[in-house]
Amino acid sequence: MLCRADRSHLDALEAIEQASFSTDRISRRSFRRFIDQEIGDFQVALVDDQVVGYFIVLYRQATQLARLYSLAVAPQWRRQGIGSQLLEAAEDAADEQHCLFLRLEVKTDNFAAQEMYHKAGYYDMEIRPEYYEDDSDALVLQKLLPRYEEPAGQNDAQKLVPYRTQTTEFTCGPASLLMAMAFFDIPSADPEHEELEIWREATTIYMTSGHGGCGPHGLARAARRRGMDVTLHVSHDGPLLLDSVRNSEKKAVMARIQEADINALRAANVPICVGDYSLAQLIEDLQQGSLVVALISTYVFDESKAPHWVLICAADENYIYINDPDQDSLPWQSPAERQYLPIPLATFRRAFGFGKRKQKAALVLRRRQQ
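Everything in the sequence shown is counted per full-length UniProt numbering, starting at 1 for the first residue and increasing by one.
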């Protein structure tokens with residue numbers, strides 16, 4: 001049984017602390033302060049009213065990062081699953097506070113604790129030298145907490161959108177399109193080759209530097225060619241993404257390419273909706289079975305101000321869930337967990353759009369009706 005720590009638990013907490021740690025112990029006075037001031041989440045595990053372990057989770061204001069400040073189990077109660085129970089409860093507490101991550105530090109020679117955390121899905125972030133009072137090093141671990149849950153009543157056979165990593169630094173748009181194709185059962189004989197083919201069809205030729213990125217109109221044409229119905233939402237009429245191009249000749253070429261794509265879409269009766277593509281409309285489109293390829297700015301994640309295409313797969317009352325084709329663009333750290341990555345709604349609002357004019361673009365994709 002778990003309950004909130006109170007002053008009646010202080011003797012047991014102090015004994016557990018003395019038995020568990022040789023340095024950096026939490027003092028009785030600090031335990032009392034955590035209890036009296038109701039700092040963070042401080043819970044104890046009870047067996048027959050005896051305190052056998054505890055955890056303390058602290059929250060950093062204005063962030064979505066929680067810290068597992070301390071977790072300990074009395075020596076005679078170890079290896080009975082109590083530590084894992086406490087850890088799961090700590091994660092639940094942080095998740096209820098809408099935290100994205102739970103982070104912790106553990107001594108580099110505490111292999112038993114590291115094994116428990118690794119089994120629970122934590123991954124190593126860094127070593128902090130001379131972190132503890134005895135100058136020993138700390139291993140920092142972190143876990144991404146929220147997970148996409150299918151809505152109640154959803155068909156158990158409903159498949160998730162497959163994940164794919166882009167193979168070049170400039171093909172995030174094509175990789176996003178390929179994930180949508182896989183979900184809609186549109187075959188690709190050679191996805192790596194087709195990724196570059198889509199890029200050749202959709203590129204704006206020039207971008208801020210290096211190889212050109214893909215424009216929304218070109219991606220919409222490529223999606224339609226591959227058997228998807230497309231509705232294109234753009235915040236501004238005409239060519240986009242020209243503001244950061246200083247060379248007038250390059251800007252003219254980019255405009256001509258996009259104008260040709262716009263004319264082709266209109267000739268094919270592909271809807272081009274100019275105006276704000278609201279979060280409410282995005283969520284409604286997802287609920288209707290569509291997928292959305294959206295242009296975001298990575299500035300809110302890494303301050304790089306780079307335009308980046310991602311595939312939006314689902315949404316709920318707290319998060320937008322994306323498949324991000326670039327394993328390095330967002331700070332999730334774990335390459336194995338990039339499918340249905342949760343982005344808080346407020347963060348997505350800031351990220352959706354690019355440039356000073358907050359130019360937005362989104363392709364709403366559906367399986368083509370026969």
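Note that the Cβ used here is the ideal one computed from N, Cα and C, for glycine as well.
As assigned by DSSP and simplified to three states, the class of residue i
i	result
MET1	coil
residue 390	As displayed, the chain neither begins before 1 nor continues past 370, which places residue 390 out of reach and without an answer.
PHE348	helix
SER244	coil
ALA315	strand
PHE354	strand
LEU261	Going by the sequence as given, residue 261 is Asp instead of Leu. Correct three-state label for ASP261: helix.
PHE183	helix
ALA306	coil
GLN333	In this predicted model, GLN333 has a pLDDT of only 49, less than 50, meaning its place in the structure is not dependable; the value taken from the coordinates is given anyway. GLN333 falls in the coil class under three-state DSSP.
PRO174	helix
GLU249	helix
GLU149	coil
ASP156	Note that ASP156 scores a pLDDT of 49, beneath 50, so its modelled location is shaky and nothing firm can be said.
Integer-rounded CB distance, given that residue j should sit under 8 Å from residue i
i	j	result
ILE16	GLY40	Actually they do not touch by this definition, with Cβ atoms about 18 Å apart.
MET116	GLY83	6 Å
ALA223	LEU363	6 Å
SER297	PHE354	5 Å
LEU71	PHE101	Actually they do not touch by this definition, with Cβ atoms about 16 Å apart.
ARG4	GLN43	6 Å
TYR163	GLN142	About 20 Å; that fails the 8 Å criterion.
ILE257	ILE205	6 Å
THR171	GLU195	5 Å
ALA361	HIS233	7 Å
VAL161	LEU311	7 Å
ASP261	ARG357	Wrong, their Cβ atoms sit about 20 Å apart, outside the cutoff.
LEU286	TRP309	LEU286 to TRP309, Cβ: 17 Å. No contact.
LEU139	THR108	5 Å
In DSSP terms, what residue i is bridged to
i	result
ARG367	MET228
HIS193	Answer by DSSP bridge pairing: none, since HIS193 is not bridged.
GLN287	Answer is none; GLN287 lacks a bridge partner.
VAL270	Note: VAL270 sits in no beta bridge, so no partner.
ILE198	None, per the DSSP bridge assignment.
VAL293	LEU311, LEU363
ILE322	ILE312, LEU341
THR203	CYS214
VAL234	VAL274, ALA361
Worksheet item: Below 8 Å, can you find three or more Cβ-Cβ pairs linking the stretch 128–140 to the stretch 289–298?
Response: no
Worksheet item: Touch check for the stretch 44–59 and the stretch 84–96: three-plus C-beta pairs under 8 Å?
Response: yes
Discussion item. Just to confirm the assignment: which complete alpha helix (DSSP H) runs, minimum length 4, are found wholly within the UniProt domain "N-acetyltransferase" (1–146)?
Written reply: 10–20, 28–36, 82–96, 111–119
Discussion item. Contact between the stretch 195–204 and the stretch 343–352 is defined here as three or more beta-carbon pairs at a separation below 8 Å; is this criterion met?
Written reply: no
Discussion item. Does the structure place the stretch 172–179 close enough to the stretch 257–271 that three or more beta carbon pairs sit under 8 Å?
Written reply: no
Worksheet item: Any contact of the stretch 211–220 with the stretch 228–240, i.e. 3+ C-beta pairs under 8 Å?
Response: yes
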